[in-house]
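Under the numbering used here, think of the first position of the sequence shown as 7, with each following residue one higher.
Every residue gets a Cβ at the ideal spot worked out from N, C-alpha and C, and that includes glycine.
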Amino acid sequence: MSYDITLVRVQPGLTLQETLDRLNADFDPDGDLPPLRLTRAQRNEWGRILRRVSRDIGPVESEEYLYSLTLETVGPPGRVQLDYCGDTGHIEVAYRHAGPATSEVMKLAYRIARIVEEESSLTGHDFEVDQPTRTGDPAIAAARLSSVSEWTQHHLS
């Protein structure tokens, strides 16, 4: 279980929600995911994202999988993972951060989302607290992450 931020390339003439609705309508939970087939432009976007995150934030580990490209932060304040599929992206933070530590890890997650938005035409939205990542407040996200983490630690451990 993780705190998730969604990034999507909004289709011309559609809103973010309409684009997501179309993507979700085509999703078959019983089917195989399509293999990753990025365009040259999408590969270039990924290269820019990877370089910016490494330069602006610090070391990352990066892997290419059958269905996505992934980067993961290395070191403090905690692990943040970005999966990039060309027209979509996904940032996840584990529900294990509570208290003051959540502020720094959510600032990091939002910083990565903003880099993705600046280096691509993807739009980020944090549906956990219903705010865009470009203008949203990471402190609101941190409060949500902390409260869910504390609940899970008390009830699921």
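Go ahead and pull the three-state DSSP assignment for residue i.
i, result
"ILE37", "The sequence shown places Gly at residue 37, not Ile. Coil at GLY37, not helix or strand."
"SER126", "coil"
"PRO82", "coil"
"ILE63", "coil"
"THR21", "coil"
Excluding sequence positions up to five away, which residues of its chain have a Cβ less than 7 Å from the Cβ of residue i?
i, result
"PRO83", "ALA107, GLU110, VAL111 and LEU114"
"GLU125", "GLU51, ARG54, ILE55 and ARG58"
"SER8", "GLU98, VAL99, ALA100 and TYR101"
"HIS131", "THR12, LEU22, PRO138 and THR139"
Leaving out five residues on either side along the sequence, give the residues of the same chain with a beta carbon under 6 Å from the beta carbon of residue i.
i, result
"ASP93", "ARG15"
"THR158", "TYR101"
Inspect the beta-carbon positions of residue i and residue j and report whether they are closer than 8 Å.
i, j, result
"LEU29", "VAL122", "no"
"PRO134", "ASP10", "Before going further, note that residue 134 is Glu rather than Pro in the sequence given. For GLU134 and ASP10, yes; Cβs fall inside 8 Å."
"ARG152", "ALA119", "It should be pointed out that residue 152 corresponds to Ser in this sequence rather than to Arg. For SER152 and ALA119, no; Cβs fall outside 8 Å."
Take the Cβ of residue i as the centre, count every other Cβ of all protein chains shown within 10 Å, and call the residue buried at 16 or more, exposed below.
i, result
"LEU88", "buried"
"THR79", "buried"
"TYR73", "exposed"
"ALA147", "buried"
"GLU144", "One detail in the question is off: residue 144 reads as Pro in this sequence, not Glu. Answer is buried; the Cβ neighbour count reaches 16."
"THR141", "exposed"
"LEU128", "buried"
"LEU75", "buried"
Considering only residues of the same chain and omitting the five flanking positions on each side of residue i, which have a CB-CB separation below 8 Å?
i, result
"THR25", "VAL14, ARG15, VAL16 and GLN17"
"VAL66", "LEU56, VAL59, SER60, LEU77, GLU78, THR79 and VAL80"
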